[in-house]
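Asks: This is the structure I have questions about; it appears just below.
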């Protein structure tokens, strides 16, 4: 039997040594002893890469603890530097530092407004392994004494701006001195987050000198010589809205010299800028008395007829409606009639808000049997702004034995069962002849995103509830009894002999 010899070979990979770069801070000094709050401090930091490898993605951070500080300027060349919007960190970044290369950071800051112990810390790091971390950070302890106190603030603290992508955005801010001490050398500092596409940011205000900072295109600083007690100094920021669906926050911080500020919380503000999701806005108008023909007294046959008046341009840019019928089936000025829901006393015409100005609608009620004698009563459409959550007074309604008075109340939100107070007076009397509560009735039919097709309504004949003998005129007060109700009301007065109809509504 032939034997097969199997030979196994073990390959050993060579050891790959990790790249090392020994970074260390050679000096970190404070130029000018800072012994009080809100005082300018100059920091100078030097560091070096001792090698042997190249240090990449180098970060140098300056941190203040326990309270934030202000960055006023920096003289770093060739290093992109960024200030944390919270004011507690200043960071510089460098893609690569060669072995033996040295770098320097000169930074001017404003000491915190809160007295007490304060530490400044500088630290350096890179992507490579550092064989000696003991010299990568230095801490300078400080003690800040209090100055005369006053309250510096920036307001509002929170703003929200919903705009369309690419729109210019103006953010109003007010810097105020609410205390009793003058503030000198004011600094207002505004920052955007580090975004992939940084929107432009600028600031302006009377008495302020504003400009960008060398350490980052996403920051603006404004300075002012002084702010007297009780004085305010507005600043307006201007930027551009982000792309659709994106949001960014502009952070604001204000500081000054010569005082201690006991209320630091109001020294910061923020404005959120977001692109508004364009939600289609709908408007609706009420067409009162929409329904089938109704038989009345003395052989009357009452018909409701609604007329659409459409601008000529409507046929170029079609009007979009949600109705039982389609608006575009009707030429300019043509009347239409439709049945609607049985028992409904009105119907809403829904349209996109952009098309609202293109449409004019009127509703006419007339007796078909007397159509050659009278044009009937014209009832205009009722727009949203005509509805009110307050009381409605219908005045000067005439009374005669051959008049029939019908009160109708409409609710804009199509509520069912909501209570309404109704008071009826004779002439100028202050005590009502009739006071009652009725509830709204609505079919509950909706269209689109649950918009009501019909209003909630109340209807009754006044003469069936209140004897009108001896009364010359009526006043009717209608008032919602439930929060949020928006009502419109009118009284129709029908002459039973001539079949003329006159309507009375609030002006």
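Residue numbers (the working numbering): 1058 to 1564. Even for Gly, the Cβ is constructed at its ideal location relative to N, Cα and C. Please read all numbers here as calculations on a predicted model, not as lab measurements.
Does DSSP put residue 1374 in a helix, a strand or coil?
Replies: At residue 1374 the pLDDT is 30, less than 50, meaning the model places this residue with poor confidence; the figure from the coordinates comes in the next sentence. Correct three-state label for residue 1374: coil.
Asks: In the DSSP assignment, find the alpha helix (DSSP H) that holds residue 1522 and state where it starts and stops.
Replies: Per DSSP, residue 1522 belongs to the alpha helix (DSSP H) from 1519-1522.
Asks: Can you have a look at residue 1462 and say buried or exposed, based on whether 16 or more other CB atoms are within 10 angstroms of its CB?
Replies: Residue 1462 comes out buried.
Asks: What residues match up with residue 1497 in a beta bridge as DSSP calls it?
Replies: Its beta-bridge partners do not exist; DSSP assigns none.
Asks: When the Cα of residue 1123 is compared with those of 1162, 1327 and 1175, which residue comes out closest?
Replies: Of the listed residues, the one whose Cα sits closest to residue 1123 is 1175.
Asks: Would you mind giving the Cβ-Cβ distance between residue 1115 and residue 1154, rounded to the nearest angstrom? I have them listed as a contact below 8 angstroms.
Replies: About 5 angstroms; that satisfies the 8 angstroms criterion.
Asks: Which residue from 1156, 1310 and 1165 puts its Cα closest to that of residue 1101?
Replies: Selected option, being the one with the closest Cα: 1165.
Asks: Do you know whose CA, among 1222, 1360 and 1322, lies nearest residue 1436's CA?
Replies: With distances taken between Cα atoms, residue 1436 lies closest to 1360.
Asks: What are the boundary residues of the beta strand (DSSP E) that residue 1303 is part of?
Replies: Premise fails: residue 1303 is in no beta strand (DSSP E) and is neither H nor E.
Asks: In terms of alpha-carbon separation, which member of 1297, 1279, 1291 and 1191 lies closest to residue 1212?
Replies: Of the listed residues, the one whose Cα sits closest to residue 1212 is 1291.
Asks: Under 7 angstroms, do residue 1276 and residue 1248 count as touching if we go by C-beta distance?
Replies: Contact: yes.
Asks: Ignore the nearest five residues each way along the sequence and tell me which others in residue 1316's own chain have a CB closer than 7 angstroms to its CB.
Replies: The residues are 1095, 1204, 1205, 1206, 1207, 1238 and 1240.
Asks: In the DSSP assignment, the beta strand (DSSP E) including residue 1179 goes from what residue to what residue?
Replies: Taken as a continuous stretch (DSSP letters only), the beta strand (DSSP E) holding residue 1179 covers 1173-1182.
Asks: Should the stretch 1473-1481 be regarded as contacting the stretch 1530-1543, the criterion being three or more beta carbon pairs within less than 8 angstroms?
Replies: Cβ pair count under 8 angstroms is three or more, so yes.
Asks: Considering residue 1325, what are the terminal residues of the beta strand (DSSP E) in which it resides?
Replies: Taken as a continuous stretch (DSSP letters only), the beta strand (DSSP E) holding residue 1325 covers 1325-1332.
Asks: Looking at residue 1295: is its Cβ nearer than 7 angstroms to the Cβ of residue 1227?
Replies: Their beta carbons are under 7 angstroms apart, which means residue 1295 touches residue 1227 by this criterion.
Asks: Cβ of residue 1343 within 7 angstroms of Cβ of residue 1512?
Replies: Yes, they are a contact pair.
Asks: Considering only C-alpha positions, which residue in the set 1509, 1492, 1524 and 1494 is nearest to residue 1500?
Replies: Ranking 1509, 1492, 1524 and 1494 by Cα distance to residue 1500 puts 1509 first.
Asks: Is the distance from the Cβ of residue 1245 to the Cβ of residue 1325 below 7 angstroms?
Replies: No, the pair does not count as a contact, with Cβ atoms beyond the cut-off.
Asks: Give a yes or no on whether the C-beta atoms belonging to residue 1446 and residue 1543 are separated by under 7 angstroms.
Replies: In this structure, residue 1543 lies closer than 7 angstroms to residue 1446 by Cβ.
Asks: For residue 1208, does the three-state DSSP call read helix, strand or coil?
Replies: The answer is coil: DSSP assigns residue 1208 none of H, G, I, E or B.
Asks: Our contact map puts residue 1106 next to residue 1078 with C-beta atoms below 8 angstroms; I'd like the distance itself, whole angstroms only.
Replies: Yes, residue 1106 and residue 1078 are in contact; Cβ-Cβ is about 6 angstroms, under 8 angstroms.
Asks: Got a sec, what are the start and stop residues for the beta strand (DSSP E) residue 1557 sits in?
Replies: From DSSP, residue 1557 is part of no beta strand (DSSP E); its letter is neither H nor E.
Asks: Whose C-beta lies closer than 7 angstroms to the C-beta of residue 1086 among residues of the same chain, with five residues either side of it excluded?
Replies: Only 1101 meet the Cβ criterion.
Asks: Taking its Cβ as the centre, do 16 or more other Cβ atoms sit within 10 Å of residue 1352, making it buried, or is it exposed?
Replies: It is exposed - the Cβ of residue 1352 has fewer than 16 other Cβ atoms within 10 Å.
Asks: Which whole-angstrom value is the C-beta distance of residue 1456 and residue 1525, which I expect to be below 8 angstroms?
Replies: The Cβ separation is near 5 angstroms, so the contact holds.
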